[in-house]
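Protein chains in written order, with the numbering used here: chain H, 1 to 249; chain B, 250 to 498. C-beta atoms are modelled at their ideal positions from N, C-alpha and C, and glycine is treated no differently. So the structure is just underneath, and the comments pick up after that.
Protein chains: 2
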Amino acid sequence: MATAGIVIIGDEILTGKFADENAAFLIGELRALGVELRRIVMIPDVVDDIAATVTDMAARFDHVFTSGGVGPTHDDLTMAGIAQGFGTRVIREPVLEERVRAYWGAKLAPPHLRLAEVPEGADLVYGKDQIWPVVAYKNVYILPGVPALFRRKFIDIRDRFRAEPMTVARAYLDTDEGHIAGDLDAVVAAFPSVRIGSYPRFTERDFKVLITFEGLSAGDVAGALAMLIDRIGPRVVRHEPPSLAGAAP
Amino acid sequence: MATAGIVIIGDEILTGKFADENAAFLIGELRALGVELRRIVMIPDVVDDIAATVTDMAARFDHVFTSGGVGPTHDDLTMAGIAQGFGTRVIREPVLEERVRAYWGAKLAPPHLRLAEVPEGADLVYGKDQIWPVVAYKNVYILPGVPALFRRKFIDIRDRFRAEPMTVARAYLDTDEGHIAGDLDAVVAAFPSVRIGSYPRFTERDFKVLITFEGLSAGDVAGALAMLIDRIGPRVVRHEPPSLAGAAP
């Protein structure tokens, strides 16, 4: 299964000036694409931190998506961090320079040209938007932090990441986790291909624990759900049968 | 300045079954306490990953807060992960065992006793709640993932983390970032103690860029704000004068 990591770059997130919207958005997108998200890291605008974090993630996962730190001001350090991490330098990319000059025309100021800077060896990845590509360095896709732009640019290139989606099912229980942990262990052991989660909730009206099942085999997911219902019977107040993850419920 | 990191543990966050509420809550709390949040990491329920991530964070920062993976079921692996990371083992803590037995009484099932398991050498940290302490191992505070419990337990012990809060100010500009980047560089150079952020926004009615200033010196923050206003004058459509971070605006 294809794996992914997300790196959210920016003091503004860690200091609460803006709430994260981009990791939250990408969680749902990757899920619907069938890509397994393995790690999210949120870091400040610090070159060494960007360098170390991005290269670590790039080595672990098939795809890495970064958010933020791309722009013309002193706190936009993502390109420098990624270049440092991969042992290359930042260059001005000719195609992007042409786009930037055409866009600002007579209003161009020197800092705008920073928008054409990329790590040397970067790729320009085009979706339907043939003017503004996504900059990628190896398996790292470098996206802007402004949520509207982040979403637009990811959606433009997302089809290249499409994989096999998970099948998921849910059971809602009217019981304490401790009283079904043994039954759950038996289901976990019987269906090793199904990932099973148990989530107590104390503020819901009609259930106390949510059990989730997911896996690539719809048959195994259905089997695990059926085995749990068979074992604990009336304590399952309702359930959602297997369906593809990311589809409307 | 005291520093902190947050580790959010749980497949349910990375797969979008639940949206994160605990990191979002703690960002605001740490801000108001004057603790500098340096990193947030969100990882799955995997012992090796918990072990490596928590020990890495514990070495980097003054305080580390973990969320999730604490409970009686097979997917509750935080205690095992932290114990492995620090090279110790999981033991049943006598005081907690007594609490668990008293709470469940005749309804106690064996899995409930997992709630009394901690890494050997852990501390029990008490706030006002004299019954249920927070479990800590060195500088790692281990909190439950259920948001209502996470908040209650953190609030109960938060006074021990109180430090000196930042002073913050904001300016809202009606201009493009590229056109003020040079002026901003001059302010950044003149006030090295002030951290300055520049955030373009494309969906706001009355401004295009938010500039934020923050630092421990209220005088320097005020000076940096005044210098920017002095240099770019009418492009500042409004501003918020220096105030303590975390206070109501």
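*Test: H239(H) CB closer than 8 Å to a CB of chain B*: no
*Would the beta-carbon of I27(H) fall within 8 Å of that of G265(B)?*
yes
*At 9 Å on the CB atoms, spell out the chain B contacts of I229(H), in chain order.*
What I229(H) touches in chain B: nothing, since even the nearest Cβ is about 17 Å away.
*What residues are listed by DSSP as bridge partners for D372(B)?*
A385(B)
*Name, please, each residue of chain B whose Cβ falls closer than 7 Å to the Cβ of V140(H).*
Per Cβ cutoff of 7 Å: no residues; V140(H) is ~18 Å from chain B at best.
*Status (buried if at least 16 other CB within 10 Å, exposed otherwise) for Y448(B)*: buried
_So G182(H) contacts chain B; which residues on that side make the cut at Cβ distance below 7 Å?_
P360
*Could you name the residues of the same chain whose beta carbon sits closer than 7 Å to that of E261(B), not counting the 5 residues immediately before and after it, in chain order?*
F267
*Take F202(H) and list the residues in its own chain whose beta-carbon comes closer than 8 Å to its own, dropping the five residues that flank it on each side.*
K208
_Within 10 Å of its beta-carbon, does R235(H) have 16 or more other beta-carbons around it, so buried, or fewer, so exposed?_
buried
*On the premise that V395(B) lies in contact with V383(B), defined as a C-beta separation below 8 Å, what is that separation, rounded to the nearest angstrom?*
Contact doesn't hold; Cβ gap of about 14 Å is too wide.
*Identify each residue in the segment 281-315 of chain B for which the Cβ-Cβ distance to at least one residue of chain H is less than 7 Å, and report them in chain order.*
L286, R287, R288, I289, V290, M291, I292 and P293
*At 7 Å on the CB atoms, spell out the chain B contacts of R195(H), in chain order.*
D260
*Rounded C-beta distance between I299(B) and I331(B)? I'm assuming under 8 Å.*
7 Å
*Flag A248(H) as yes if its beta-carbon sits less than 8 Å from any beta-carbon of chain B, otherwise no.*
Note that A248(H) scores a pLDDT of 47, beneath 50, so its modelled location is shaky; the value from the coordinates is reported in the next line. It does not: the Cβ of A248(H) has no partner Cβ on chain B nearer than 8 Å.
*For A169(H) and A329(B), the rounded distance between their alpha carbons*: 28 Å
_Residues that S442(B) bridges to, as DSSP identifies them_ = S442(B) is not bridged to any residue.
_Neighbourhood of A471(B) by C-beta, 6 Å cutoff - its chain only, sequence neighbours within 5 removed_ = P491
_Start and end residues, alpha helix (DSSP H) containing M166(H)_ = Where M166(H) is concerned, there is no enclosing alpha helix (DSSP H), given that its DSSP letter is neither H nor E.
_Closer than 7 Å at the beta carbon, the chain H residues around L378(B)_ = Looking at the sequence provided, one finds Asp at residue 378(B) rather than Leu. Per Cβ cutoff of 7 Å: no residues; D378(B) is ~16 Å from chain H at best.
*Can you tell me which of the three DSSP states L77(H) falls into?*
coil
_Please give the ranges of any alpha helix (DSSP H) in the segment 35-99 of chain H, keeping only runs that are unbroken, at least 4 residues long and fully inside the region._
47-60 and 78-85
*Using a Cβ-Cβ cut-off of 8 Å, state whether D324(B) counts as contacting chain H.*
yes
*What does a CB cutoff of less than 7 Å around A307(B) pick up in its chain, not counting 5 residues either side in sequence?*
V313, K387, N388 and V389
*With a cut-off of 8 Å, does the C-beta of P242(H) fall near any C-beta of chain B?*
no
*Whole angstroms is fine: what's the gap from P360(B)'s alpha carbon to A412(B)'s?*
39 Å
*Going by the CB atoms, is the gap between T78(H) and I142(H) shorter than 8 Å?*
yes
*Three-way DSSP call (helix, strand, coil) for A248(H) in this model*: Reliability fails at A248(H), whose pLDDT of 47 lies under 50, so the model's placement of it is uncertain and no value is given.
*Taking C-beta to C-beta, are R275(H) and F25(H) nearer than 8 Å?*
The requested residue 275(H) does not occur in the structure, where chain H is confined to residues 1 to 249.
_Is the separation between the beta-carbon of S193(H) and that of G178(H) shorter than 8 Å?_
no
*Interfacial residues, the segment 92-111 of chain H to chain B, with Cβ spacing under 7 Å*: A109 and P111
*asked:* Please return the same chain residues whose Cβ sits closer than 6 Å to the Cβ of K153(H), not counting the five positions on each side in sequence.
replied: V134 and L143
_For G482(B) and D455(B), I'd like the C-alpha separation in whole angstroms._
16 Å
*asked:* DSSP three-state label for A4(H), please.
replied: strand
*List the residues of chain B that V135(H) touches, going by C-beta distances under 7 Å, in chain order.*
Chain B residues near V135(H): none, gap ~17 Å exceeds 7 Å.
_Can you check whether the C-beta of G69(H) is within less than 8 Å of a C-beta belonging to chain B?_
no
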